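The numbers in the sequence shown follow this note's numbering, run straight up by one, and end at 272.
Every residue gets a Cβ at the ideal spot worked out from N, C-alpha and C, and that includes glycine.
For clarity, every value in this text was computed on a predicted model and none was experimentally measured.
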Amino acid sequence: MTTTENITTDQLSLHASRAKITSDSHQILANNWSDTSSICDWLGVSCGSRHHRVTALNISNLGLTGTIPPELGNLSFLVSLDMSGNNIHGKLPHDLANLRRLRVLDFTVNNLSGEFPSWLSSLEKLQYLAMGNNSLTCFIPPSISNMSKLETLKLSFNVIQGKVPIEMGNLNKLKTLNLMYNQLSGSLPFEIFNISSLEWLSLTSMIPSTICQCSKVRLLGLAYNNFSGSVPEEFARGSTSWQ
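Given below as structure tokens:
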């Protein structure tokens, strides 16, 4: 496939994305995403210098309303996708699982619905996943452990149910975990407290009676939950800040 065809593929993907925007209150995309200029010069679009493919798409906080087209999954060189702070609704299309280079995915503060996407686990290079302040339901799949490079996981303010999977304890690079304001139940798996890299915890489940290796934790958020049992003594004796 030629470079021109590659650029055309990305251009068609972005056109499909713009077509799914039903409200662009500030006319930002309407005024900036024009075929009179290269897509690499479009607002919020970044391209790589080597292949001239779209590597980052940041259209956050633009007051956009609409849905996500499956064609967005054709941006095969995409490393970062940030659509936070808009009014994007509907379900995340399974086609986004094709974004195998993706390291950053941020849909915070939108109106996404449907089950927490199990196919996210195929994004094995993902380091930052933020989907807080949406209406995602169902469960966190055990396959989330496939995202072994994940450092930040923010899922607060959704309607996610069930137990936190034990397999999440395999995310040994995780630094930030925020699960507050959901409908999770049961105890938080002991294995999560063995993640030595954890620095920021905000929980929505019962805490084990003993705790292990998370000596780096500096912030623990327990507000607005229905905890039972006692807080482990290890936290009370440590330097952790409370919220």
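Please name the residue in the options whose C-alpha comes closest to that of residue i.
i	options	result
Val156	Thr38, Arg47, Arg132 and Leu41	The sequence shown places Gln at residue 156, not Val. Ranking the options by Cα distance to Gln156, first place goes to Arg132.
Leu200	Lys154, Lys192 and Gly191	Lys154
Pro218	Ser89, Ser226 and Pro194	Pro194
Glu151	Gly77, Ala126 and Phe168	Sequence inspection shows Ser at residue 151; the Glu mentioned does not correspond to that position. Minimum Cα distance to Ser151 is reached at Ala126.
Lys49	Asn103, Gly95, Leu41 and Asn187	Gly95
Leu203	Leu110, Ser177, Glu196 and Val108	Ser177
Asn162	Asn115, Lys192 and Gln190	Asn115
Glu220	Glu196, Ser226, Trp229 and Glu228	Glu196
Ile97	Thr51, Asn60, Thr65 and Gly77	Thr51
Met112	Leu149, Leu134 and Ser75	Leu134
Only counting the same chain, and skipping five residues up and downstream in sequence, which positions put a Cβ closer than 6 Å to that of residue i?
i	result
Leu182	Leu158 and Leu206
Pro24	There is simply no residue 24 to check, as the chain begins at 30 and stops at 272 in what is shown.
Glu100	Ser42 and Ala45
Arg47	Leu58 and Trp62
Please confirm whether residue i and residue j have their CB atoms less than 8 Å apart.
i	j	result
Asn187	Ser164	yes
Ser231	Leu208	yes
Ile117	Phe145	no
Leu104	Asp39	yes
Which of the three DSSP states, helix, strand or coil, is assigned to residue i?
i	result
Ile221	helix
Ser105	coil
Ser231	strand
Asp111	strand
Gln156	coil
Gly198	helix
Glu144	strand
Ser75	strand
Ser164	strand
Ile117	strand
Leu131	coil
Ser226	coil
Thr38	helix
Thr43	Here the sequence assigns Leu to residue 43, which means Thr is not the residue at that position. In the structure shown, Leu43 sits in a helix (DSSP, three-state: H, G or I).
Excluding five sequence neighbours on each side, which residues of the same chain lie with their C-beta closer than 8 Å to the C-beta of residue i?
i	result
Leu107	Val83, Thr84, Ala85, Leu86, Leu128, Arg130 and Leu131
Gln190	Thr166, Cys167, Phe168, Asn211, Gln212, Leu213 and Ser214
His55	Leu91 and Gly92
Shorter than 8 Å from the beta carbon of residue i to some beta carbon of chain B?
i	result
Cys69	Absent from the structure is chain B; it holds one protein chain and no more.
What does a CB cutoff of less than 7 Å around residue i pick up in its chain, not counting 5 residues either side in sequence?
i	result
Gly73	Leu86, Asn87 and Ile88
Cys76	Cys69, Arg82, Val83 and Thr84
Touching or not, the segment 59 to 71 and the segment 90 to 103, by the rule of three or more beta carbon pairs under 8 Å?
no
Stretch-stretch touch, CB-based, cutoff 8 Å, three pairs: the segment 117 to 126 with the segment 135 to 150:
yes
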